[in-house]
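Here the structure is laid out as structure tokens; the discussion comes afterwards.
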Amino acid sequence: MSTLQTLILFSFLLSASHAAVQDFCVADLSAPEGPAGYSCKKVSAVTVNDFVFSGLGVAGNTSNLIKAAVTTAFANQFPGLNGLGISLARLDLAPGGVIPLHTHPGGSEVLLVLQGSISAGFISSSANTGLLHFQLNAGKGPALAIVSFSSPSPGLQILDFALFANNFPSELVEATTFLDDAQVKKLKGVLGGTG
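Letter by letter, the sequence shown follows residues -19 to -1, 1 to 176 in mature numbering (1 follows the signal peptide of the UniProt record, and there is no 0).
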């Protein structure tokens, strides 16, 4: 490729990048969210509060089945993140707490443990995003982590809830999971499924 072609291609790529076009794109939460995120709020309507999110400093309620809480800082909670291609979350795990096997089909995750001891793992596959993974409190006290995602909308699907908190007939779940009827009905009962 010639130098001129390279310069033209580079110029085109820069003009297509949001980072090169504008410094920020605060989410206009009154507009619908599209595949590329929210549209930008008018600059005259942007306030300092659009760039402040205090939710990550507040512990979540871990009084639930999985003894865990996730507080998200996505564009709909933290409008200043819109257009940056990232999002954050706070993970609180009580003793015995677990985030069951789950996937984020729209992004990758980095976990930074701030307090306690968390065991995390994943099941490797050929996919570059959306690996099944888990986190569990491996200590005796509470655990706290901050999670960073490579996407503004990483998505979430928890495998156990997808399999057993539904109204699929138990026979179908049995056939696809190789579990017997008693196990499927027990898990559906615990997770709120029917059928």
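Ideal Cβ placement from N, Cα and C applies to all residues, glycine included.
Contiguous beta strand (DSSP E) elements confined to the region 9 to 41 do not occur, taking only those with 3 or more residues. Contact between residue 132 and residue 174 does not hold, since their C-beta atoms are separated by about 29 Å, which reaches or exceeds 8 Å. Look at residue 137 here: in three-state DSSP terms it is coil, with no helix or strand label. Bridge partners of residue 118 according to DSSP: 99. With a cutoff of 8 Å on beta-carbon distance, residue 92 and residue 58 are scored as not near each other. In terms of CA proximity to residue 25, 9 leads the group 47, 37 and 9. When the alpha-carbon of residue 71 is set against those of 14, 148, 130 and 23, the nearest one is in 130.
When the beta-carbon positions are compared, residue 73 and residue 40 come within less than 8 Å of each other. Remark: C-beta atoms of residue 51 and residue 31 do not approach each other more closely than 8 Å.
With a cutoff of 8 Å on beta-carbon distance, residue 139 and residue 69 are scored as not near each other. Going by C-alpha positions, residue 159 is about 28 Å away from residue 45. Burial state of residue 144 is buried, judged by a 10 Å Cβ sphere holding 16 or more other Cβ atoms.
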